[in-house]
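Asker: Chains as they are written, first to last, in our numbering: chain A, 110 to 251; chain B, 110 to 251. Mind looking over this structure? Questions follow.
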DNA sequence: TCAGGTACCGAATAATTTTTCGGTATGGAT
DNA sequence: ATCCATACCGAAAAATTATTCGGTACCTGA
């Protein structure tokens, strides 16, 4: 028996293609803090308060929101205690566990390339845009 | 000798952490259409016009922008022809090639889970939010 | 009864990314 | 001189995501 209300989710204007595997993956764990949260949980942080303490680069609210989305998509499961103080534990489902190796690959790739990327990023020009065609770009083909 | 101007890139207000491998990876190939473009190129599409024809779900402008970012970050290399008609070819650099297995993993994961995700996504409530605590959520712990 | 720790939530706002629109430039063919 | 296909680009608008702010609720011990 419970009163409840369902908040309607943000309604996209542009449809996404959930037949594309990459879109699906990105939807489920591609948000800014989700990999971070999944990682922390895989390393043993289970309670929201622990996560809040561990991840200080964003607010508690943000973590809470992402946690609940991860539960919705079946990446995490949630157990609620009734004792005192309130206690909730999140843990990875098998589906969640299956994400870990992918995150490991992403992380390895990023670490391997981070110096180059950093250098380019700090150059301040994302794209060599605005250049008006003139000198030879590289070798000539075609 | 060439006239040119550099368009300044979007200046972030919130700093990103480029020591985190996952952030780096996401920055380089995590944008909406980049995986798609990388994939198309890996399958043999080299010229912008081919890509435009192959990827019809977004505009040419979008593809062009992503292409130039991918070049900037060293994922693609660009060769410009001087003949007629104008001809440009993009190809994967070794760094670009090294992304392919990761995309394959992401894609495989997504395809394996897409039915579940689709079902949940179309349920219309992203998060089971708004629920006011009352019945037992799951088993009790703590 | 009140403070204190835990777990949440909604609505507004800000930041970021994506998309649209309307251009420029090149060189050959007509 | 105009038209075509190719390859680009800037600026504004729209869409999406992330963040901030100010709450509620539960239980217990002081």
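Quick reminder that beta carbons are idealized off the backbone N, C-alpha and C, glycines included.
Mind checking who residue 199 of chain A pairs with in its DSSP beta bridge?
Answerer: Paired residues: A:187.
Asker: Would you verify that the beta carbon of residue 149 of chain B is, or is not, closer than 9 Å to some beta carbon of chain A?
Answerer: For residue 149 of chain B, the answer is no, since every Cβ of chain A falls outside 9 Å of its Cβ.
Asker: Is the beta carbon of residue 205 of chain A closer than 9 Å to that of residue 171 of chain A?
Answerer: No, Cβ-Cβ distance for residue 171 of chain A and residue 205 of chain A is not below 9 Å.
Asker: Let me know if residue 138 of chain B comes out buried or exposed under the rule of 16 or more other beta-carbons within 10 Å of its beta-carbon.
Answerer: Buried, because 16 or more other Cβ atoms sit within 10 Å of the Cβ of residue 138 of chain B.
Asker: Closer than 9 Å, CB to CB, is residue 169 of chain A near chain B or not?
Answerer: No, residue 169 of chain A does not count as interfacial toward chain B.
Asker: Spatial neighbours of residue 196 of chain B within its chain, please: CB distance less than 6 Å, with the 5 preceding and 5 following residues excluded, ordered by chain position.
Answerer: 190.
Asker: Rounded C-beta distance between residue 188 of chain A and residue 178 of chain A? I'm assuming under 8 Å.
Answerer: The pair is not a contact, with the Cβ atoms about 18 Å apart (cut-off 8 Å).
Asker: Measure the Cβ-Cβ separation of residue 136 of chain A and residue 175 of chain A and say whether it is below 9 Å.
Answerer: Contact: no.
Asker: Using the rule of at least 16 other Cβ atoms within 10 Å of the residue's Cβ for burial, across every protein chain shown, is residue 132 of chain B buried or exposed?
Answerer: Residue 132 of chain B comes out buried.
Asker: Residue 140 of chain A touches chain B at which residues, Cβ-Cβ below 9 Å?
Answerer: Within 9 Å Cβ-Cβ: nothing; residue 140 of chain A doesn't reach chain B, min ~10 Å.
Asker: Would you verify that the beta carbon of residue 227 of chain A is, or is not, closer than 9 Å to some beta carbon of chain B?
Answerer: Yes, because at least one Cβ of chain B sits closer than 9 Å to the Cβ of residue 227 of chain A.
Asker: Where do the N-terminal and C-terminal ends of the alpha helix (DSSP H) with residue 159 of chain A fall, by residue?
Answerer: Where residue 159 of chain A is concerned, the enclosing alpha helix (DSSP H) stretches over 157-163.
Asker: Using beta carbons (cut-off 9 Å, strictly below), is residue 215 of chain B in contact with chain A?
Answerer: Closer than 9 Å to some Cβ of chain A, the Cβ of residue 215 of chain B qualifies, so yes.
Asker: Could you spell out where the alpha helix (DSSP H) holding residue 123 of chain A opens and where it closes?
Answerer: Looking at the DSSP string, residue 123 of chain A is not in any alpha helix (DSSP H), and its letter there is neither H nor E.
Asker: Please indicate yes or no: does the CB of residue 118 of chain A lie closer than 8 Å to some heavy atom of the ligand ATP?
Answerer: No copy of the ligand ATP occurs in the structure displayed, which carries no ligand at all.
Asker: Using the C-alpha atoms, what's the distance from residue 181 of chain B back to residue 235 of chain A?
Answerer: Per-residue confidence for residue 235 of chain A stands at a pLDDT of 43, beneath the threshold of 50, marking its modelled position as unreliable; the derived number appears in the next sentence. Computed Cα separation, rounded: 7 Å.
Asker: Where does residue 181 of chain A fall in DSSP's three states?
Answerer: Residue 181 of chain A falls in the helix class under three-state DSSP.
Asker: Does the beta carbon of residue 182 of chain A sit closer than 9 Å to a beta carbon anywhere in chain B?
Answerer: Yes, contact with chain B.
Asker: Whose C-beta lies closer than 7 Å to the C-beta of residue 209 of chain B among residues of the same chain, with five residues either side of it excluded?
Answerer: Contacts found: 151.
Asker: Can you check which of these residues, B:123, B:147 and B:227, is closest to residue 213 of chain B by C-alpha distance?
Answerer: Selected option, being the one with the closest Cα: B:147.
Asker: Check the Cβ-Cβ distances between residue 132 of chain A and every residue of chain B, and say whether any is below 9 Å.
Answerer: Chain B, which has a Cβ nearer than 9 Å to the Cβ of residue 132 of chain A, makes this yes.
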